[in-house]
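**Q**
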Amino acid sequence: MKIGIYISGLGQSFVQESVEKYAARLMNEMSYRTNGINYELRTEKINYAEERESTVVSIFEEHETGAQVVYKIYDYKYHEILTEKFNSHSIIVKNFLLFLLVIQKIPLIFKRLFDPKDYSRPFQSLYVFMIFLTIASSVLLMLPATLAVVNEFFKFPLFPKADIEIVSKLIVSLTAVLLLILPNANVLITNLATEYVCANDYIEHGVQKQLLQGNLELLVDYISEKEKNCRIHFHTYSFGSIIAIDYIFPFGNTLTRNTLNFTETLITIGTPFEFIKAYYPRFYDSRNIELGDKICWINIYSIADPLATNFRSDAKIGDAQFGIDKTSIKPVNLNYEVAPFKKTGIVDFIMLYSMKAHGMYWDSKTEGQSCLRLLNDEMKNKNLL
Numbered sequence: 061m062k063i064g065i066y067i068s069g070l071g072q073s074f075v076q077e078s079v080e081k082y083a084a085r086l087m088n089e090m091s092y093r094t095n096g097i098n099y100e101l102r103t104e105k106i107n108y109a110e111e112r113e114s115t116v117v118s119i120f121e122e123h124e125t126g127a128q129v130v131y132k133i134y135d136y137k138y139h140e141i142l143t144e145k146f147n148s149h150s151i152i153v154k155n156f157l158l159f160l161l162v163i164q165k166i167p168l169i170f171k172r173l174f175d176p177k178d179y180s181r182p183f184q185s186l187y188v189f190m191i192f193l194t195i196a197s198s199v200l201l202m203l204p205a206t207l208a209v210v211n212e213f214f215k216f217p218l219f220p221k222a223d224i225e226i227v228s229k230l231i232v233s234l235t236a237v238l239l240l241i242l243p244n245a246n247v248l249i250t251n252l253a254t255e256y257v258c259a260n261d262y263i264e265h266g267v268q269k270q271l272l273q274g275n276l277e278l279l280v281d282y283i284s285e286k287e288k289n290c291r292i293h294f295h296t297y298s299f300g301s302i303i304a305i306d307y308i309f310p311f312g313n314t315l316t317r318n319t320l321n322f323t324e325t326l327i328t329i330g331t332p333f334e335f336i337k338a339y340y341p342r343f344y345d346s347r348n349i350e351l352g353d354k355i356c357w358i359n360i361y362s363i364a365d366p367l368a369t370n371f372r373s374d375a376k377i378g379d380a381q382f383g384i385d386k387t388s389i390k391p392v393n394l395n396y397e398v399a400p401f402k403k404t405g406i407v408d409f410i411m412l413y414s415m416k417a418h419g420m421y422w423d424s425k426t427e428g429q430s431c432l433r434l435l436n437d438e439m440k441n442k443n444l445l
């Protein structure tokens, strides 16, 4: 039985993406390429551990003799595990940590402008980090405005009134500009602080890594016990691909029996592999590569997406030139573009249009076209479906 594990990107719950939508898109692609066969989805919830739940979506193929399961996808909800410690902090503490993190990364960000390694969008990264800095600073700078209110309420001159008024006016102006440039900035502030800091702590310091990878192993073990003769495919998007790579090519650990015996395919969509390699250069060091040449790796990317990786030394469409260090496995590259790629102009650069390409591998509605058309064809060709 072919079984998928869906690992989404950060922020997918915020944009209302789910394993149900992913499975519906895959089912649609199956339906488009067959005649006289109807497909349907059935969803259930399971607990693979005492406090951990997974949504399971089964794709059924209907025949005159009855319906038959042709593919099943479990989702791995890692977001709560990744952020549960950080979410206990107040918004001030969250943004203070984001502020410190950006300040810490600034030297490397500027270094990549002149020594980009294999990452081709260092100026875009600089701009994004500056937005992070502005967002974090805008919240931290609200503190003087709060002090002004306290002064007025208690009639207690904590700080000179004139100085507080000047700072407060600057804060109001900065916040107004921020709200104009970034719609829903109040929501964005909390989400960016949480997701970026937690992802950084996971990558750089291994925070929550043991718990997160342990729960993924529990899910794989549950599947191997419940699904007869299962072959597991990891369907991953964005940061979810880093979670899967960390599981399949672990740092400093031997592979588990489940990983060795049941993993068949790694599917990465919009993986920030090279972005992480550029800004966290030691993350992929000392990896266990035992499974490297035994699995199929399919990589879907867009040249317009500044976070996606084409596993090439240039920013061109073509076959992959490398994969995980010291392994002969290279992903099968599938290029997916929504519109003709063009160099970003200054207005597009400022408005982060290229960053939006990271979310354009599928439409928000399941009946829209998606990159899963390419994936379905490739999986059929390789007898993975």
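So the sequence shown is residues 61 to 445, counted in this note's numbering. Virtual Cβ for every residue (Gly too), placed ideally from N, Cα, C.
Could you pull out every unbroken alpha helix (DSSP H) segment of at least 4 residues lying fully inside the stretch 314-402, listed in chain order?
**A** The stretch 314-402 contains these whole alpha helix (DSSP H) runs: 317-322 and 333-339.
**Q** Figure out for me which residue from Lys165, Ser118 and Leu276 has the closest Cα to the Cα of leucine 142.
**A** The sequence position of residue 142 within the sequence shown is 82, counting from 1. When only C-alpha atoms are compared, the closest one is Leu276.
**Q** Could you check where the beta strand (DSSP E) with glutamine 128 kicks off and where it finishes?
**A** Counting from one through the sequence shown, the residue named residue 128 turns up at place 68. That run of the beta strand (DSSP E) goes 126-135.
**Q** How long is the line joining the alpha carbons of lysine 154 and asparagine 260, rounded to whole angstroms?
**A** As a first step, residue 154 is located in the sequence shown; it is residue number 94 there, counting from the start. As a first step, residue 260 is located in the sequence shown; it is residue number 200 there, counting from the start. So the alpha carbons of these two residues sit roughly 13 Å apart.
**Q** Who are phenylalanine 294's beta bridge partners in DSSP?
**A** Looking up residue 294 in the sequence shown gives position 234. In DSSP, phenylalanine 294 forms a bridge with Ile65 and Leu326.
**Q** Verify whether the separation of the beta carbon atoms of tyrosine 66 and leucine 279 is less than 8 Å.
**A** As a working note, residue 66 is residue 6 in the sequence shown. As a working note, residue 279 is residue 219 in the sequence shown. Not in contact: tyrosine 66 and leucine 279 (Cβ atoms no closer than 8 Å).
**Q** Excluding five sequence neighbours on each side, which residues of the same chain lie with their C-beta closer than 6 Å to the C-beta of leucine 86?
**A** Taking the first residue of the sequence shown as 1, we reach residue 86 at position 26. The residues are Leu432.
**Q** Leaving out five residues before and five after tyrosine 134 in sequence, what residues of the same chain have Cβ atoms less than 6 Å from its Cβ?
**A** By one-based count along the sequence shown, residue 134 stands at place 74. The residues are Ile65, Ser114 and Val116.
**Q** So, are the CB atoms of isoleucine 327 and tyrosine 138 less than 8 Å apart?
**A** As a first step, residue 327 must be located in the sequence shown, where it is residue number 267. As a first step, residue 138 must be located in the sequence shown, where it is residue number 78. It is not a contact, given that the beta carbons lie outside the stated cut-off.
**Q** Let me make sure I understand the geometry here. Which of His295, Lys81, Leu160 and Glu438 has the alpha-carbon closest to that of glutamate 100?
**A** Counted from its first residue, the sequence shown places residue 100 at position 40. It is Lys81 whose Cα lies nearest to the Cα of glutamate 100.
**Q** What's the call for glycine 69, buried or exposed, on a 16-neighbour Cβ count within 10 Å?
**A** Residue mapping note: residue 69 aligns to position 9 of the sequence shown, counting from 1. So glycine 69 counts as buried.
**Q** Would you call the stretch 359-371 in contact with the stretch 313-332, where contact means no fewer than 3 C-beta pairs closer than 8 Å?
**A** Enough Cβ pairs lie closer than 8 Å, so yes.
**Q** Whole-angstrom Cβ separation of leucine 394 and leucine 434, contact assumed at under 8 Å?
**A** As a working mapping, residue 394 is identified with position 334 in the sequence shown. As a working mapping, residue 434 is identified with position 374 in the sequence shown. At roughly 4 Å, the Cβ-Cβ gap stays under 8 Å, so leucine 394 and leucine 434 are in contact.
**Q** Excluding sequence positions up to five away, which residues of its chain have a Cβ less than 6 Å from the Cβ of methionine 420?
**A** The residue you call residue 420 lines up with position 360 of the sequence shown. Val398.
**Q** If you follow the beta strand (DSSP E) that histidine 123 is part of, which residue opens it and which one closes it?
**A** One-based indexing of the sequence shown puts residue 123 at position 63. Its beta strand (DSSP E) spans residues 112-123.
**Q** Does the ligand GDP have a heavy atom nearer than 7 Å to the CB of glycine 69?
**A** Ligands displayed in this structure: none; no statement on the ligand GDP is therefore possible.
**Q** My guess is that glutamate 350 and leucine 315 are in contact by the Cβ rule of under 8 Å, so how many angstroms apart are they, rounded?
**A** For this step, residue 350 is matched to residue 290 along the sequence shown. For this step, residue 315 is matched to residue 255 along the sequence shown. Right, their Cβ atoms sit about 5 Å apart.
**Q** Since I believe cysteine 290 is in contact with phenylalanine 322 (beta carbons under 8 Å), could you give me their beta-carbon distance rounded to a whole number of angstroms?
**A** As a working mapping, residue 322 is identified with position 262 in the sequence shown. As a working mapping, residue 290 is identified with position 230 in the sequence shown. That belief holds up - the Cβ atoms of phenylalanine 322 and cysteine 290 are roughly 6 Å apart, short of 8 Å.
**Q** How long is the line joining the alpha carbons of lysine 440 and isoleucine 169, rounded to whole angstroms?
**A** Position 380 of the sequence shown, counting from 1, holds the residue named residue 440. Position 109 of the sequence shown, counting from 1, holds the residue named residue 169. Cα to Cα, lysine 440 sits roughly 42 Å from isoleucine 169.
**Q** Just mark leucine 157 as buried or exposed, buried being the case when its beta carbon has 16 or more other beta carbons within 10 Å.
**A** Within the sequence shown, the letter at position 97 stands for residue 157. It counts as buried.
**Q** For serine 346, which of Tyr297, Gly312, Gln381 and Glu324 has the nearest alpha-carbon?
**A** Your numbering for residue 346 matches position 286 in the sequence shown. That would be Gly312, whose Cα lies nearest to the Cα of serine 346.
**Q** Hey, how far is the Cα of glutamate 77 from the Cα of lysine 269?
**A** Position 17 of the sequence shown, counted from the start, is the residue given in the question as residue 77. Position 209 of the sequence shown, counted from the start, is the residue given in the question as residue 269. Glutamate 77 and lysine 269: Cα-Cα distance of roughly 24 Å.
**Q** Output needed for proline 310: all residues of its chain with C-beta closer than 6 Å, excluding positions within five of it in sequence on either side, in chain order.
**A** Here residue 310 refers to the residue found at position 250 of the sequence shown. Asn348, listed in sequence order.
**Q** Spatial neighbours of threonine 254 within its chain, please: CB distance less than 8 Å, with the 5 preceding and 5 following residues excluded, ordered by chain position.
**A** What you label residue 254 is simply residue 194 of the sequence shown in a count that begins at 1. Correct list, in chain order: Thr143, Phe146, Asn147 and Lys154.
**Q** Can the beta-carbon of phenylalanine 120 be found closer than 8 Å to that of alanine 109?
**A** On the sequence shown, residue 120 is found 60 positions in, with the first residue counted as 1. On the sequence shown, residue 109 is found 49 positions in, with the first residue counted as 1. Cβ distance not < 8 Å, so phenylalanine 120 and alanine 109 don't count as in contact.
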